[in-house]
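Since the structure comes first, as structure tokens, the remarks are kept for the end.
Residue numbers (the numbering used here): 262 to 336.
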């Protein structure tokens, strides 16, 4: 499952970060690394962007970027 498929209020653990060179590096630099727990806080009315909560801070990313992040849902 990808991060963009996670529902509001649900959490997941990142398993893999995809994308090509610069995109992947940018996602990793923002803290979206494997084994990190993330929670979807908000989604814009049209579905893009997505606000996440991870590592003690909020991060907003585009849905296209969230499609490159594989997660497994956590309880």
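Cβ coordinates follow ideal geometry from the N, Cα and C atoms, glycine included.
Within its chain, find whatever has a CB closer than 8 Å to the CB of residue i; leave out the 5 residues flanking it on each side and keep chain order.
i: residue 303; result: 269, 311 and 312
i: residue 295; result: 275, 276, 277 and 278
Mind checking residue i: buried by the 16 CB within 10 Å criterion, or exposed?
i: residue 267; result: buried
i: residue 293; result: buried
i: residue 264; result: buried
For the beta strand (DSSP E) that contains residue i, what are its first and last residues?
i: residue 270; result: It is not in any beta strand (DSSP E) - residue 270 carries neither H nor E in the DSSP assignment.
Could you pull out every residue in the same chain whose Cβ sits closer than 7 Å to the Cβ of residue i, ignoring the five residues on either side in sequence?
i: residue 222; result: Residue 222 cannot be examined here, being either before or after the span of the chain that is shown, 262 to 336.
Note down, in chain order, each residue of its chain lying with its Cβ closer than 6 Å to the Cβ of residue i, except the 5 sequence neighbours on either side.
i: residue 305; result: none
i: residue 300; result: 272 and 314
Inter-stretch contact at 8 Å, needing at least 3 Cβ pairs: the region 285 to 304 / the region 320 to 336: In this structure the region 285 to 304 lies against the region 320 to 336, because at least three pairs of beta carbons, one per stretch, are closer than 8 Å.
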